[in-house]
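J.: Letter by letter, the sequence shown follows residues 429 to 681 in this note's numbering.
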Amino acid sequence: MNKITLITGATSGIGKSCAYIFAKHKHDLILIGRRAERLEGISKDLISKYDINVLQLSFDIRNSEDVSKAIRSIPDDWKKIDILINNAGLAVGLSTIQDAEIEDWERMIDTNVKGLLYISRAVIPLMITNKRGHVINIGSIAGKEVYPNGNIYCATKHAVDALNKGMRMDLVKENIKVTQIAPGAIETEFSIVRFKGDKSRADSIYDGYQPLQPDDVAEVTYYTTTLPDHVNINDLVIMPTAQASSMVFNKSD
Ligand code: NDP
Ligand code: 8X3
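1) At a cut-off of 6 Å, is A570 close to the ligand 8X3 when judged by its beta-carbon and the heavy atoms of the ligand?
2) Could you pull the start and end residues of the alpha helix (DSSP H) that G461 belongs to?
3) Quick check on I525: buried or exposed, where buried means 16 or more other Cβ atoms within 10 Å of its Cβ?
4) Near A447, which residues of its chain fall below 7 Å by C-beta distance, leaving aside the five closest residues on each side in sequence?
5) For the ligand 8X3, is there a heavy atom less than 6 Å away from the beta-carbon of Q673?
6) Can you round the beta-carbon distance between L664 and T584 to whole angstroms, since I take them to be within the 8 Å contact cut?
7) N558 by DSSP, collapsed to three states: which one?
8) What whole-angstrom Cβ distance do H455 and I489 have, given they're in contact under 8 Å?
9) Would you decide whether K627 is buried or exposed? Buried here means 16 or more other CB atoms lie within 10 Å of its CB.
10) Comparing alpha-carbon positions, which option in S440, I432 and N430 lies nearest A646?
11) Which whole-angstrom value describes the C-beta separation of L544 and N514, a residue pair presumed to lie in contact below a C-beta threshold of 8 Å?
12) Is it buried or exposed, A464, if we count other Cβ atoms within 10 angstroms and call 16 or more buried?
13) Thinking just about the alpha-carbon of each residue, which of Y637, D527 and V520 is nearest to the one in R535?
14) Would you call the segment 596-603 in contact with the segment 629-636, where contact means no fewer than 3 C-beta pairs closer than 8 Å?
15) Is the shortest distance between the beta-carbon of D626 and the beta-carbons of chain C less than 7 Å?
16) Can you tell me where the alpha helix (DSSP H) holding V648 begins and where it ends?
17) State the start and end residues of the unbroken beta strand (DSSP E) segment that holds L485.
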């Protein structure tokens with residue numbers, strides 16, 4: 429039987445790359461994202477390329493009722509979820525605390541913290557029933573350090589860092605692995621979302637150095653699932669070679 433991996437935020441970036449890499453390794457996939465048409469296209473492509481099974485669930489992880497309804501609706505065969513990748517997340521805006529839009533804060537807190545919690549609360553009990561599982565939380569270097577104007581996004585990723593530690597403690601007796609992947613700069617739709625569609629500002633984030641590509645992070649994420657049963661990677665920080673911290677880069681002029 430194929431392993432079953434559930435990925436949130438599978439329509440773009442790291443989540444989409446994880447879908448392709450886990451599919452290449454013959455995992456059946458439960459893919460979650462709000463953009464249903466994209467999910468449909470990705471699912472069809474994965475099925476034709478890799479001959480796996482894919483279940484698409486299109487909903488907003490910020491809605492706790494929709495999360496529990498969607499996970500309850502999964503057919504019994506699919507409930508034996510081996511790996512949960514809590515990836516969906518975003519930064520909105522880059523402003524001082526005194527100038528920021530409160531709505532941007534709500535979107536980040538509701539998605540990165542509460543959405544991750546709703547999904548975890550719905551899926552982890554299934555893993556406990558199956559007596560096995562692996563929860564992978566996509567954090568960020570923004571969960572390890574804080575940078576100017578990053579305030580709330582950094583706070584949400586510090587929350588993911590803390591939740592990863594808490595989950596590890598709560599699930600150690602349940603034979604469930606817990607891993608945080610904390611990346612630096614990756615070229616995805618992240619900056620377009622952060623700068624609300626301003627593509628030239630988004631592109632400028634990746635000027636003058638080679639950022640990570642989403643496949644780089646997905647390959648490392650997959651690696652953490654290939655280790656022997658007795659080995660757990662708790663926390664893994666990954667950056668471009670040209671980045672040493674949120675603010676320290678080796679950029680060409
Ligand atoms: P993308 O914007 O490319 O992808 C984000 C994904 O999250 C999309 O598939 C989007 O799908 C999904 N998503 C966002 N909000 C919701 C929601 N409310 N409900 C369901 N799905 C949602 O960005 P990345 O791939 O870069 O981001 C993935 C994760 O990586 C995030 O947690 C981010 O914080 C983290 N990260 C990113 C870094 C970077 O530099 N890019 C660095 C470190 C961490 P849809 O819009 O279809 O719902
Ligand atoms: C995304 C990386 O440095 O923009 O989490 O916060 S950073």
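Think of the CB as a built atom: it goes at the ideal place given N, C-alpha and C, for glycine as much as any other residue.
T.: Short version:
1) Yes.
2) In this chain, G461 is not harboured by any alpha helix (DSSP H); it is covered by the beta strand (DSSP E) spanning D456 to G461.
3) Per the 10 Å Cβ criterion, exposed.
4) Here A447 has I435, A438, L457, L459, I470 and L474 as same chain residues with Cβ atoms under 7 Å from its own Cβ, once five neighbours each way along the sequence are excluded.
5) Per the sequence presented here, residue 673 reads as Ser, with Gln not at that position. For the ligand 8X3, not one heavy atom lies less than 6 Å from the Cβ of S673.
6) Rounded to whole angstroms, the Cβ separation of L664 and T584 is 19 Å, and the two are not in contact under 8 Å.
7) The answer is helix: DSSP assigns N558 an H, G or I state.
8) Rounded, the Cβ-Cβ distance is 21 Å, inconsistent with contact.
9) The Cβ neighbour count for K627, taken over all protein chains shown within 10 Å, is under 16; the residue is labelled exposed.
10) Looking from the CA of A646, the closest CA among S440, I432 and N430 belongs to S440.
11) For a cut-off of 8 Å, the C-beta gap from L544 to N514 is around 5 Å, short enough to register as a contact.
12) Taking every protein chain shown into account, the CB of A464 has fewer than 16 other CB atoms within 10 angstroms, so this residue is exposed.
13) Nearest of Y637, D527 and V520 to R535, Cα basis: V520.
14) As far as the Cβ criterion goes, the segment 596-603 does not touch the segment 629-636, which means the pair count is below three.
15) You won't find chain C in this structure, because it holds only one protein chain.
16) Secondary structure note for V648: its alpha helix (DSSP H) is the uninterrupted segment P642 to T652.
17) That run of the beta strand (DSSP E) goes V482 to S486.
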